[in-house]
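The structure appears below as structure tokens.
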Amino acid sequence: MSRHDWKAKVPHFIVGYSPFVLTKVTNKVLFSDSVTAVTKIVLVSQWGCWGEVKRLFNWINPPEHLFESDHQSGAWCKDPLQASDKIYYMPWTPYRTDTLTEYSSKEDFIAGRPTTTYKLPHRVDGTGFVVYDGALFFNKERTRNIVKFDLRTRIKSGEAIIANANYHDTSPYRWGGKSDIDLAVDENGLWVIYATEQNNGRIVISQLNPYTLRVEGTWDTAYDKRSASNAFMICGILYVVKSVYEDDDNEATGNKIDYIYNTELSKDGFLDIPFPNSYQYIAAVDYNPRDNLLYVWNNYHVTIHHPVDQIHLVIEFSLLLR
7 MSRHDWKAKV PHFIVGYSPF VLTKVTNKVL FSDSVTAVTK IVLVSQWGCW GEVKRLFNWI
67 NPPEHLFESD HQSGAWCKDP LQASDKIYYM PWTPYRTDTL TEYSSKEDFI AGRPTTTYKL
127 PHRVDGTGFV VYDGALFFNK ERTRNIVKFD LRTRIKSGEA IIANANYHDT SPYRWGGKSD
187 IDLAVDENGL WVIYATEQNN GRIVISQLNP YTLRVEGTWD TAYDKRSASN AFMICGILYV
247 VKSVYEDDDN EATGNKIDYI YNTELSKDGF LDIPFPNSYQ YIAAVDYNPR DNLLYVWNNY
307 HVTIHHPVDQ IHLVIEFSLL LR
């Protein structure tokens, strides 16, 4: 394949997509139209992270609004390893959050008809919980510990210390909320997003084995965690969302994907990709690799970010070509 043939496979409106220079990676060799290109876009398949043709991320569609909660902050998600439509919901209140609510479907979720609730063995710090393969993972209040809670047995089944992680509003996201330790799931498994003093308060990513709770890999990034409004993982790549403010105003005027870090290649880059922020206060962003949607909690509002016609722009990382 020549360096230009691959463009025939890309939708016409993507080719030449400003301000990016389209490139392709084949067997780790980069082909580009410009030796000074600063961004590369990797085409990946719809059935995995590294195939030939995939959705590219483009957040131009407005999010789907489900309902307005009684709580300004919280999080909600699905279990990506289970085929059911169950939704897990946890509004967050400082020093009082110790309950997870389950809904059997999206319709029941919107209508406020819960299936069951789970009383947790510890209170929760932040909105960074996830559900993965039948278990809830959350940050235990006032600690750097991750707790695993089995939803079938309703018993705590594990606890792990995230070494050196800042916690309890030492290095939260910009909105605060004890959001120092944020869990995420993607096609590669379970992740922890946090900061350490050793990395000068910048974001650290660790991959966590969901069954043993052992850390299987750690990456230090160059992004100050307190500057981020939130973050999520897709295909082993960290995406940092940053709120945009005008004249040091307290109200965000918008959001953007500001930074990415590729754990497979240990490379990073800064970006400027608009990200919808209809309500100016994003408390949680959770990606689900089963349906490729983002589950968002934004200033009382529970929303879903959908892809555009199943075609997204996946920006892998910024790179100055040499």
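Following the working numbering, the numbering of the sequence shown begins with 7 at its first residue and continues without gaps.
C-beta atoms are modelled at their ideal positions from N, C-alpha and C, and glycine is treated no differently.
Note that the structure is a prediction, hence the values are computed from the model and not measured.
Straight through space, the alpha carbons of V247 and Y265 are spaced by roughly 7 Å.
Under the three-state reduction of DSSP, D264 is assigned to strand.
Two segments are said to touch when three or more pairs of C-beta atoms, one from each, lie closer than 8 Å; by this definition the stretch 292-311 touches the stretch 72-83. By the criterion of a C-beta distance shorter than 7 Å, G195 is surrounded in its chain by Q213 and P216, once the five residues flanking it on both sides are discounted.
If you draw a straight line from the Cα of T122 to the Cα of K146, it comes to about 22 Å. By a beta-carbon distance limit of 8 Å, K125 does not contact T99. Their separation comes to about 15 Å. Nearest C-alpha to I209 among Y267, F281, I288 and D131: Y267. Excluding the 5 residues flanking it on each side, A290 has same chain C-beta neighbours closer than 6 Å at A81, T133 and W303, in chain order. Secondary structure within the stretch 80-116: the beta strand (DSSP E) runs of 3 or more consecutive residues, fully enclosed, are 80-83, 93-97 and 105-109 (chain order).
With contacts defined by Cβ atoms closer than 8 Å, R150 and I187 form a contacting pair. Per DSSP, reduced to three states, the secondary structure at R208 is strand. Positions of the beta strand (DSSP E) runs, each at least 3 residues long and wholly inside the stretch 128-158, are given as 136-138, 141-145 and 151-156 in order along the chain. For H307, the enclosing beta strand (DSSP E) covers residues H307 to H311. For W181, no beta strand (DSSP E) segment is defined, and its DSSP state is neither H nor E. Assignment of beta-bridge partners to G164 by DSSP yields K154.
Around the Cβ of Y95, a 10 Å sphere holds 16 or more other Cβ atoms; the residue is buried.
In this chain, the beta strand (DSSP E) harbouring L189 covers D188 to D192. By the CB criterion at 8 Å, D131 and K184 fall inside the cutoff.
Residue pairing by DSSP places H71 opposite T309 in a beta bridge. The three-state secondary structure of S233, taken from DSSP, is helix. According to DSSP, Y293 shares a beta bridge with L300.
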